[in-house]
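Residue numbers (this note's numbering), protein chains in the order written: chain A, 5 to 227; chain B, 5 to 227.
Think of the CB as a built atom: it goes at the ideal place given N, C-alpha and C, for glycine as much as any other residue.
Treat the numbers as computed from the prediction; the structure is a model and nothing was measured.
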DNA sequence: GACCTTATCGCATTGAATGCAATTTTGCAA
DNA sequence: TTGCAAAATTGCATTCAATGCGATAAGGTC
């Protein structure tokens with residue numbers, strides 16, 4: 005039934021309890037007003053123990069980061085034979101976006117609000133995003149060795165994510181009063197559409213004359 | 005000679021002393037190893053006073069943020085009649101990049117290293133970058149009301165900055181041992197070149213058939 | 001059941017950051 | 001110049017995140 009040892013199961017349960025206690029408290033009292041001690045107490049562990057589960061208070065809000073990155077990498081690995089870099093990235097983006105477990109979406113909504121309002125959380129989120137970009141770029145470059153080097157792959161992924169992030173930022177500042185998660189998701193979808201339209205054009209142009217439209221850029225010699 | 009009141013001049017001098025003391029200590033002992041108390045002591049002020057000059061330890065590393073943003077806004081405002089959004093952004097990027105006062109460049113080099121190595125600093129840098137993006141997008145949309153709405157402007161600027169950031173990230177991880185600031189600057193230049201090549205193509209295509217290549221995207225009605 | 005590994009916990013400590021109130025410095029006007 | 005109001009500096013206390021350490025308990029293995 006469960007492949008984990010009892011110890012690991014217990015650990016997972018405590019971890020989950022911490023996340024749930026934290027989300028409740030954050031929603032009720034706000035992020036800054038909730039101390040780590042409060043969270044630990046609500047989850048029935050010692051304050052010190054909290055830091056053996058999460059390296060910092062912010063990290064609690066991003067529990068499934070690895071999974072999301074893994075999904076993106078997977079999407080790249082399972083590319084079709086006629087997909088170019090842009091198509092693969094688009095598909096990866098959509099697949100990662102459809103991540104909505106029932107209860108995980110509550111955390112996602114909370115996180116979205118905190119990312120916009122709490123500087124420390126935003127900072128951490130951007131950092132995670134940047135690291136993920138770098139990793140995705142690595143895989144993308146490896147997947148298209150004849151069309152992309154590391155440098156232009158990083159530029160492409162950065163442009164991609166930057167466009168979506170920028171558009172999303174605007175969409176969400178209008179949606180202040182939208183607690184409806186469906187509306188938020190629609191905003192995400194629309195933001196990506198707007199942000200990525202130029203690439204769709206580029207991509208189709210690429211199919212017509214690949215070598216001019218997306219020629220690989222040579223790596224500089226590090227002299 | 006000096007337009008500031010004596011009080012303001014003194015304040016500026018203290019501020020400068022704090023920055024200089026901090027850079028020295030950061031270079032010598034490292035960021036985490038240097039406490040705010042150390043910096044304050046080196047600048048001959050009380051620890052408490054530090055926080056009346058900078059809201060946090062990280063902020064010390066980004067003293068001229070407003071000026072840089074202002075330069076970008078200025079670059080947008082002073083656009084030529086035949087420049088499109090992409091050209092304006094390119095020019096803004098270059099003008100902001102040529103910011104190198106003699107001693108400010110020392111701080112810039114230090115900052116670059118710390119952004120790459122100290123998580124807290126990187127987080128703050130990304131935050132500042134994102135805020136600047138948003139503001140630039142606002143101005144860009146205002147400058148081209150018939151070609152860009154807020155949403156697509158934000159997407160464009162995000163893509164732009166994202167591309168450069170992504171490329172830069174790769175360039176700089178190869179350049180670990182380059183303490184030569186000239187090499188770093190060359191890396192920056194090359195990174196922007198690579199990152200922005202697609203837009204140059206887009207931009208020239210745009211001049212040939214503007215309406216197809218960069219049609220404005222309608223703002224969604226927030227129903 | 002003996003033994004090793006891993007979790008948990010309490011305690012102390014560091015360091016960033018904030019609030020408050022006392023004191024000094026500066027700007028300005030009578 | 002003198003005196004007054006505004007602003008800056010400072011010390012002190014406090015909160016809170018985060019880390020290190022050592023003791024104790026619980027889980028897994030033979």
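Distance between beta carbons of residue j and residue i, contact taken as under 8 angstroms
i                      : j                      : result
residue 64 of chain A  : residue 125 of chain A : In fact, because the Cβ distance is near 10 angstroms, the residues do not count as touching under 8 angstroms.
residue 173 of chain A : residue 158 of chain B : 6 angstroms
residue 199 of chain B : residue 168 of chain B : 5 angstroms
residue 89 of chain A  : residue 152 of chain A : 6 angstroms
residue 134 of chain B : residue 130 of chain A : 7 angstroms
residue 132 of chain B : residue 69 of chain B  : 6 angstroms
residue 73 of chain A  : residue 112 of chain A : Not quite, the Cβ-Cβ distance comes to about 16 angstroms (not below 8 angstroms), so this is no contact.
residue 228 of chain A : residue 110 of chain A : Limits of chain A in this structure are 5 at one end and 227 at the other, which puts residue 228 of chain A out of reach.
residue 35 of chain B  : residue 118 of chain B : 5 angstroms
residue 114 of chain B : residue 177 of chain B : The Cβ separation is near 18 angstroms, so there is no contact.
Buried versus exposed call for residue i [16 or more other C-beta atoms within 10 Å across all chains shown]
i                      : result
residue 128 of chain B : buried
residue 37 of chain A  : exposed
residue 121 of chain A : exposed
residue 81 of chain A  : exposed
residue 85 of chain B  : exposed
residue 20 of chain B  : exposed
residue 14 of chain B  : exposed
residue 9 of chain A   : exposed
residue 51 of chain B  : exposed
residue 162 of chain A : buried
residue 193 of chain A : exposed
residue 44 of chain A  : buried
residue 170 of chain B : buried
residue 59 of chain B  : exposed
residue 123 of chain B : exposed
residue 47 of chain A  : buried
residue 226 of chain B : The predicted model places residue 226 of chain B with a pLDDT of 36, which falls under 50 and marks its position as unreliable; any figure quoted below should be read in that light. Looking at its Cβ environment, which holds fewer than 16 other Cβ atoms inside 10 Å, residue 226 of chain B is exposed.
residue 211 of chain A : Residue placement at residue 211 of chain A is flagged as unreliable, the pLDDT there being 48, under the threshold of 50; the coordinate-derived value follows with that caveat. With fewer than 16 Cβ atoms within 10 Å of its Cβ, residue 211 of chain A is classed as exposed.
residue 55 of chain A  : exposed
residue 149 of chain B : exposed
residue 62 of chain B  : buried
residue 39 of chain A  : exposed
residue 204 of chain B : exposed
residue 166 of chain A : buried
residue 187 of chain A : exposed
residue 191 of chain B : buried
residue 76 of chain B  : buried
residue 53 of chain A  : exposed
residue 145 of chain A : buried
residue 71 of chain A  : exposed
residue 41 of chain B  : exposed
residue 195 of chain B : buried
residue 79 of chain B  : buried
residue 16 of chain B  : exposed
residue 215 of chain B : Per-residue confidence for residue 215 of chain B stands at a pLDDT of 39, beneath the threshold of 50, marking its modelled position as unreliable; the derived number appears in the next sentence. Per the 10 Å Cβ criterion, exposed.
Those runs of the alpha helix (DSSP H) which lie wholly inside the region 113 to 153 of chain A and span at least 4 residues: Every unbroken stretch of the alpha helix (DSSP H) spanning 4 or more residues and falling wholly within the region 113 to 153 of chain A is given here in chain order: 123 to 147.
Segment contact flag, the region 87 to 97 of chain B with the region 137 to 150 of chain B, C-beta cutoff 8 angstroms, min 3 pairs: The region 87 to 97 of chain B makes contact with the region 137 to 150 of chain B, as at least three CB pairs between them are under 8 angstroms.
Ordered list of alpha helix (DSSP H) runs contained in the region 40 to 109 of chain B, each at least 4 residues: As far as the region 40 to 109 of chain B is concerned, its whole alpha helix (DSSP H) runs of at least 4 residues are 40 to 46, 51 to 57, 69 to 81, 89 to 101.
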